[in-house]
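Student:
2 protein chains.
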Amino acid sequence: MKIYDVSMLIEPDMMVYKDNPSKKPVFENTANHSNSVAHETKVSLDVHCGTHIDMPLHMIEEGKTMDTFDFTRLITPCKVFDMTYLENPVITGNDINHLPIEKDDFIIFKTKNSFYDKTKGFEFDYVYVDESAARLLKMLEINGVGIDSLGIERAQANHLTHKLLLEDDIIILEGLELKSIAEGNYELVALPIKLKGTEGSWVRAVLIEK
Amino acid sequence: MKIYDVSMLIEPDMMVYKDNPSKKPVFENTANHSNSVAHETKVSLDVHCGTHIDMPLHMIEEGKTMDTFDFTRLITPCKVFDMTYLENPVITGNDINHLPIEKDDFIIFKTKNSFYDKTKGFEFDYVYVDESAARLLKMLEINGVGIDSLGIERAQANHLTHKLLLEDDIIILEGLELKSIAEGNYELVALPIKLKGTEGSWVRAVLIEK
Numbered sequence: 006m007k008i009y010d011v012s013m014l015i016e017p018d019m020m021v022y023k024d025n026p027s028k029k030p031v032f033e034n035t036a037n038h039s040n041s042v043a044h045e046t047k048v049s050l051d052v053h054c055g056t057h058i059d060m061p062l063h064m065i066e067e068g069k070t071m072d073t074f075d076f077t078r079l080i081t082p083c084k085v086f087d088m089t090y091l092e093n094p095v096i097t098g099n100d101i102n103h104l105p106i107e108k109d110d111f112i113i114f115k116t117k118n119s120f121y122d123k124t125k126g127f128e129f130d131y132v133y134v135d136e137s138a139a140r141l142l143k144m145l146e147i148n149g150v151g152i153d154s155l156g157i158e159r160a161q162a163n164h165l166t167h168k169l170l171l172e173d174d175i176i177i178l179e180g181l182e183l184k185s186i187a188e189g190n191y192e193l194v195a196l197p198i199k200l201k202g203t204e205g206s207w208v209r210a211v212l213i214e215k
Numbered sequence: 006m007k008i009y010d011v012s013m014l015i016e017p018d019m020m021v022y023k024d025n026p027s028k029k030p031v032f033e034n035t036a037n038h039s040n041s042v043a044h045e046t047k048v049s050l051d052v053h054c055g056t057h058i059d060m061p062l063h064m065i066e067e068g069k070t071m072d073t074f075d076f077t078r079l080i081t082p083c084k085v086f087d088m089t090y091l092e093n094p095v096i097t098g099n100d101i102n103h104l105p106i107e108k109d110d111f112i113i114f115k116t117k118n119s120f121y122d123k124t125k126g127f128e129f130d131y132v133y134v135d136e137s138a139a140r141l142l143k144m145l146e147i148n149g150v151g152i153d154s155l156g157i158e159r160a161q162a163n164h165l166t167h168k169l170l171l172e173d174d175i176i177i178l179e180g181l182e183l184k185s186i187a188e189g190n191y192e193l194v195a196l197p198i199k200l201k202g203t204e205g206s207w208v209r210a211v212l213i214e215k
């Protein structure tokens, strides 16, 4: 069994969505070995920081939240598709309609995003999933979809990619790091923290090769 | 395959260590469907809030941190021992020296703590693991130990239970909810969030029965 860590490191100067400073994590050291018997930390963290999942409430009024969702769907077989060959920074329905995607699959798109140097700040021209691909995935009734960008869509009107998927409770997993992951079948484990009422959660995502 | 969630719900009024108000999580709703296209939340969370693991740095100067530790040790077979029969609120070496604990085991103690009503605030008289039990577990070279209290020890001088375990990189998993878990063998998954430099992390802990 080989376990691949596909999660972003959470740190104060990490890349956050659109370089918005209010989305940067804040680490507060509340005690340490120079002033106490213990080292203790408090972290202030936007739910969409680093590798995380979006729940329906993120885009759907009264949608399901982190604690009302069947989290066991995040221990699942999954299929990683290598989309790094795409020239345009978008995944469309035409790009994926030949792929072996079936009902209840958890699929992950590896794109050029995984090779972007995150120390440069946010990549505004990132590869995203457009409405036509979202409609296809919705029709196929997949379990969830993961991608190696902080957003599964970019700045489309009405956030249709999110909405089409989330209105059918299809899990969205964002912020994966897939540089060293080959196309193929894995077991995905990406359990969310049990936050009450939130529209998502950070996860430690791993791919297991058996 | 049956998956048991053994994690505390993270919410503003949850039970925290010694009822310390600064340890209560703070949820900030930064956008919602009445004022934005999306619902967004930021959470300020002490690393030792809810179900979490302690890393060596918590009690050992320059000890390992969340991001320098082999986190794959938290996908592991584990043995749950039912200690709810104990009359005194402490697990000693004598209480566990007959148990089938072997090198590299991950063990979990189910105690009366799991039946405490957490809405009453912190249980100061909780069941903990004393120095003699820690010395035995250290000698046995276990992988990790979990318990259903927010602290594996209570208020012992020098925090010896923590120190004896952490100086040998033995994982401590605290804040489990084990009320409905029977003694026996499971697969434990309790992956920590990839926080840089911290002395621990929240986890979503599950026990899998195969």
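Chains as they are written, first to last, in our numbering: chain F, 6 to 215; chain R, 6 to 215.
Using N, Cα and C, we set each Cβ at its ideal position, and we do this for glycine too.
In or out: Ala-138(F) buried (at least 16 other Cβ within 10 Å) or exposed?
Tutor: By the neighbour-count rule (16 or more Cβ atoms within 10 Å), Ala-138(F) is buried.
Student: Pick from Asp-110(R), Ser-39(R) and Ile-8(R): whose alpha carbon is nearest that of Glu-146(R)?
Tutor: Measuring from the Cα of Glu-146(R), the nearest candidate turns out to be Asp-110(R).
Student: With 9 Å as the C-beta to C-beta threshold (strictly closer), list the residues of the stretch 178-209 of chain R near chain F in chain order.
Tutor: If the cut-off is 9 Å between Cβ atoms, the stretch 178-209 of chain R has Val-194, Ala-195, Leu-196, Pro-197, Ile-198, Lys-199, Leu-200, Lys-201, Gly-202, Thr-203, Glu-204, Gly-205, Ser-206, Trp-207, Val-208 and Arg-209 near chain F.
Student: Suppose the cutoff is 8 Å on Cβ atoms and the five residues either side in sequence are ignored; what does the same chain contact list for Val-211(F) look like?
Tutor: Contacts found: Ile-8, Tyr-9, Asp-10, Val-11, Ser-12, Leu-193, Val-194 and Ala-195.
Student: Would you mind sorting Tyr-133(R) into buried or exposed? The rule is 16 or more other CB atoms within 10 Å of its CB.
Tutor: It counts as buried.
Student: Can you grab the Cα-Cα spacing for the pair Thr-81(R) / Phe-86(F), in whole Å?
Tutor: Those two C-alpha atoms are separated by around 28 Å.
Student: So, for Val-48(F): in the same chain, excluding its five sequence neighbours on each side, which residues have a beta-carbon less than 8 Å away from its beta-carbon?
Tutor: Ile-15, Pro-30, Val-31, Phe-32 and Glu-33.
Student: Output needed for Asp-174(F): all residues of its chain with C-beta closer than 8 Å, excluding positions within five of it in sequence on either side, in chain order.
Tutor: These residues qualify, in order along the chain: Pro-61, Lys-69 and Phe-74.
Student: Lys-115(F): which of Asp-130(F), Phe-129(F), Met-88(F) and His-103(F) sits nearest, CA to CA?
Tutor: Nearest of Asp-130(F), Phe-129(F), Met-88(F) and His-103(F) to Lys-115(F), Cα basis: Met-88(F).
Student: Whose CA, out of Cys-83(R), Thr-56(R) and Ser-185(R), lies closest to the CA of Gly-149(R)?
Tutor: Ranking Cys-83(R), Thr-56(R) and Ser-185(R) by Cα distance to Gly-149(R) puts Cys-83(R) first.
Student: How about Glu-45(R) and Glu-204(F): do their beta carbons lie closer than 8 Å?
Tutor: Taking 8 Å as the Cβ cut-off, Glu-45(R) and Glu-204(F) qualify as a contacting pair.
Student: Can you look up Asn-99(F) in the DSSP assignment and give me helix, strand or coil?
Tutor: Helix, per DSSP.
Student: So, His-167(R) versus Asp-59(R), is the Cβ gap smaller than 8 Å?
Tutor: Closer than 8 Å, so yes.
Student: The alpha helix (DSSP H) spanning Ser-49(R) covers which residue range?
Tutor: Per DSSP, Ser-49(R) belongs to no alpha helix (DSSP H); it is in the beta strand (DSSP E), 45-51.
Student: Residues in the stretch 77-106 of chain F with C-beta within 7 Å of chain C's C-beta atoms, listed in sequence order?
Tutor: Considering every chain present, this structure includes no chain C. Its protein chains are F and R.
Student: Between Asp-72(F) and the ligand PLP, is there a pair consisting of the residue's CB and a ligand heavy atom that are separated by less than 7 Å?
Tutor: What this structure holds is no ligand at all, so the ligand PLP is not there to describe.
Student: Just to confirm the assignment: which complete beta strand (DSSP E) runs, minimum length 3, are found wholly within the stretch 88-133 of chain F?
Tutor: With a minimum length of 3 residues, the continuous beta strand (DSSP E) runs that stay inside the stretch 88-133 of chain F are 111-115.
Student: For Phe-76(F), does the three-state DSSP call read helix, strand or coil?
Tutor: Correct three-state label for Phe-76(F): helix.
Student: Leaving aside the five residues before and after Arg-140(F) along the sequence, list all residues of the same chain whose C-beta is less than 8 Å from its C-beta, in chain order.
Tutor: Once the five neighbours on either side are set aside, the close Cβ partners of Arg-140(F) are Gly-98 and Leu-169.
Student: Of the residues Thr-124(F), Asp-100(F) and Asp-153(F), which one's Cα is nearest the Cα of Asp-18(F)?
Tutor: Comparing Cα positions, the closest option is Thr-124(F).
Student: Mind checking Lys-199(F): buried by the 16 CB within 10 Å criterion, or exposed?
Tutor: Label assigned to Lys-199(F): buried.
Student: Under the assumption that Leu-155(R) contacts Ile-113(R) (Cβ atoms under 8 Å), give the Cβ distance between them as a whole number of angstroms.
Tutor: No, Leu-155(R) and Ile-113(R) are not in contact; Cβ-Cβ is about 15 Å, not under 8 Å.
Student: Is any beta-carbon of chain F found at less than 8 Å from that of Ile-8(R)?
Tutor: Ile-8(R) counts as touching chain F.
Student: I'd like to check one pair, Met-64(F) with Pro-197(F): are the Cβ atoms closer than 8 Å?
Tutor: No, Cβ-Cβ distance for Pro-197(F) and Met-64(F) is not below 8 Å.
Student: Can you tell which of Thr-35(R), His-53(R), Asp-153(R) and Thr-77(R) has the C-alpha that lies nearest to the C-alpha of Asp-122(R)?
Tutor: Comparing Cα positions, the closest option is Asp-153(R).
Student: So, does the CB of Ser-49(F) fall closer than 8 Å to a CB anywhere in chain R?
Tutor: Yes, Ser-49(F) lies at the interface with chain R (some Cβ there is under 8 Å from its Cβ).
Student: Which of the residues in the stretch 136-166 of chain R, read from start to end, lie with their CB under 7 Å from any CB of chain F?
Tutor: Per Cβ criterion, the list reads His-164.
Student: Taking Cβ-Cβ distances below 8 Å as the criterion, which residues of the stretch 36-65 of chain R are in contact with chain F?
Tutor: Listed in sequence order: His-38, Val-42, Ala-43, His-44, Glu-45, Thr-46, Lys-47, Val-48, Ser-49, Leu-50, Asp-51, Val-52, His-53, Gly-55, Thr-56, Leu-62, His-63 and Met-64.
Student: Leaving out five residues before and five after Phe-188(F) in sequence, what residues of the same chain have Cβ atoms less than 8 Å from its Cβ?
Tutor: Here the sequence assigns Glu to residue 188(F), which means Phe is not the residue at that position. These residues qualify, in order along the chain: Val-85, Phe-86, Asp-87 and Lys-115.
Student: Ser-12(F) versus chain R: which residues are under 7 Å apart at the beta carbon?
Tutor: Ordered by position in chain R, the residues that pass the 7 Å Cβ test against Ser-12(F) are Lys-199.
Student: Which residues in chain F sit within 9 Å of Asp-72(R), going by Cβ to Cβ distance?
Tutor: The answer, in chain order, is Leu-14, Ile-15 and Glu-16.
Student: Would you report the Cα separation of Ser-206(R) and Cys-54(R), rounded to the nearest angstrom?
Tutor: So the two alpha carbons sit approximately 9 Å from each other.
Student: Which class does Lys-23(F) belong to by DSSP, given the choice of helix, strand or coil?
Tutor: Lys-23(F): helix per DSSP, three-state reduction.
Student: Return the first residue and the last residue of the alpha helix (DSSP H) that Thr-166(F) is part of.
Tutor: It spans 165-171 - the alpha helix (DSSP H) in which Thr-166(F) sits, taken as one unbroken run.
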